[in-house]
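I have placed the structure first, in the form of structure tokens, so that the comments after it can refer back to it.
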Amino acid sequence: MIALDRVGGPYLLYRDGADAQVEVALVARTRLTIGREPGNDVALGWDGRVSRLHAELERRGESWILEDDGISTNGTLVNGDRVRSRRLRHGDVLRVGRTPIVYRAPGEAAVDGTLVSDGSIAVSVTPAQRRVLLELCRPFVTDPAHAFPATNAEIAAALVVSERAVKSQMRTLFRRFGIEDLPQNAKRARLAEMALAAAVVSATDYQDR
190 MIALDRVGGP YLLYRDGADA QVEVALVART RLTIGREPGN DVALGWDGRV
240 SRLHAELERR GESWILEDDG ISTNGTLVNG DRVRSRRLRH GDVLRVGRTP
290 IVYRAPGEAA VDGTLVSDGS IAVSVTPAQR RVLLELCRPF VTDPAHAFPA
340 TNAEIAAALV VSERAVKSQM RTLFRRFGIE DLPQNAKRAR LAEMALAAAV
390 VSATDYQDR
């Protein structure tokens with residue numbers, strides 16, 4: 190990440206089926222495919238929610254465009270919104286099946302202010318905040334067919350704490366992840382996507398539960 194950030198060109202960042210970090214540089218490319226089949230540039234063979242050819246990225250000028258115009262069965266999300274075509278910006282989080290993918294373009298002059306930080310894969314949270322994130326993200330991992338973030342009431346019930354305590358932690362997490370200025374109805378999905386992409390929470394956390 191440090192080396193790629195210094196170069197300044199765009200790249201993708203995600204975690205593979207063994208929970209290892211993968212970086213895919215886009216500097217020398219004009220097109221990239223994402224899907225479950227091994228022949229794709231980003232092959233997500235471990236994710237059964239990903240279509241054989243799920244989405245494409247295409248460079249147009251200095252920008253990268255995500256295209257999923259009916260290609261995939263389950264659709265593609267960017268920052269929690271289902272999209273067919275979207276120009277990507279530094280810090281955007283794509284969700285393909287169960288797999289979050291971060292688009293980073295450190296050389297962009299304008300950053301939208303919704304990044305975790307310049308080191309977005311190394312986010313520090315307290316144990317209490319991580320427990321809240323685990324419950325927030327649980328539907329994304331354990332029930333992807335109905336993947337909406339857990340509500341404050343659901344989190345409070347799971348952790349046996351007050352809803353007020355959960356709200357307090359959520360406000361802190363919104364600030365820590367730099368998304369406090371997003372619309373209220375977008376914050377929770379964005380936080381869940383970014384926590385998964387930053388590996389603060391991963392699928393392995395739920396395997397024994």
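Each number in the numbering used here corresponds to the 1-based position in the sequence shown with 189 added.
The C-beta atom is built at its ideal place from N, Cα and C for all residues, glycine as well.
Own chain residues within Cβ distance below 6 Å of residue i, not counting five before or after
i      : result
Leu431 : Missing from the structure shown is residue 431; the chain here goes from 190 to 398 and no further.
Val390 : Leu322, Leu323, Cys326 and Ala384
Gly286 : Asp236, Arg238 and Val239
Ser274 : Glu256
Ala347 : Glu324
Leu215 : Pro199 and Tyr200
Asn263 : Arg238
Other residues of its chain near residue i: CB distance less than 7 Å, five sequence neighbours each side excluded
i      : result
Asp394 : Leu323
Glu382 : Asn268, Gly269, Val282, Arg284 and Pro289
Asp258 : Arg273 and Ser274
Alpha-carbon spacing of residue i relative to residue j, whole angstroms
i      : j      : result
Thr315 : Ala354 : 14 Å
Trp235 : Gly206 : 6 Å
Pro289 : Gly224 : 13 Å
Asp270 : Ser357 : 25 Å
Glu369 : Arg377 : 10 Å
Gly253 : Glu226 : A quick correction: the sequence has Trp, not Gly, at residue 253. Each residue's alpha carbon lies about 22 Å from the other.
Ala294 : Leu277 : 9 Å
Asp307 : Pro372 : Model confidence at Asp307 stands at a pLDDT of 38, short of 50, so the residue's coordinates are unreliable; what they give is reported in the following sentence. Straight-line Cα distance between these residues: approximately 23 Å.
Leu221 : Ile260 : 14 Å
Ala244 : Ala345 : 36 Å
Gln318 : Leu362 : 7 Å
Pro328 : Arg249 : 35 Å
Gln396 : Arg320 : 15 Å
Gly296 : Leu202 : 16 Å
Ser173 : Arg365 : The displayed coordinates of the chain run from 190 to 398. Any statement about residue 173 would go beyond what the structure contains.
Arg204 : Thr340 : 26 Å
Residue range of the unbroken alpha helix (DSSP H) whose run includes residue i
i      : result
Arg319 : Pro316 to Thr331
Gln210 : Not the alpha helix (DSSP H): Gln210 falls in the beta strand (DSSP E), residues Gln210 to Ala214.
Ile223 : Element bounds for Ile223: not the alpha helix (DSSP H) but the beta strand (DSSP E), Arg220 to Gly224.
Thr361 : Glu352 to Arg365
Ala375 : Gln373 to Ala386
Ala347 : Asn341 to Leu348
Distance cut-off 7 Å: residue i Cβ against heavy atoms of the ligand GDP
i      : result
Leu202 : Ligands in the displayed structure: none, and consequently the ligand GDP is not present.
Burial state of residue i (16 or more Cβ within 10 Å)
i      : result
Ala217 : exposed
Val174 : The chain is shown from 190 up to 398; residue 174 falls before or after that span and cannot be answered.
Glu251 : exposed
Ala209 : exposed
Val231 : buried
Pro338 : buried
Gly367 : buried
Arg379 : buried
Val211 : exposed
Asn229 : buried
Close-in-space but distant-in-sequence residues of the same chain around residue i (CB under 8 Å, 5 per side omitted)
i      : result
Ala192 : none
Arg360 : Glu369
Residue i - containing beta strand (DSSP E), residue span
i      : result
Leu202 : Tyr200 to Arg204
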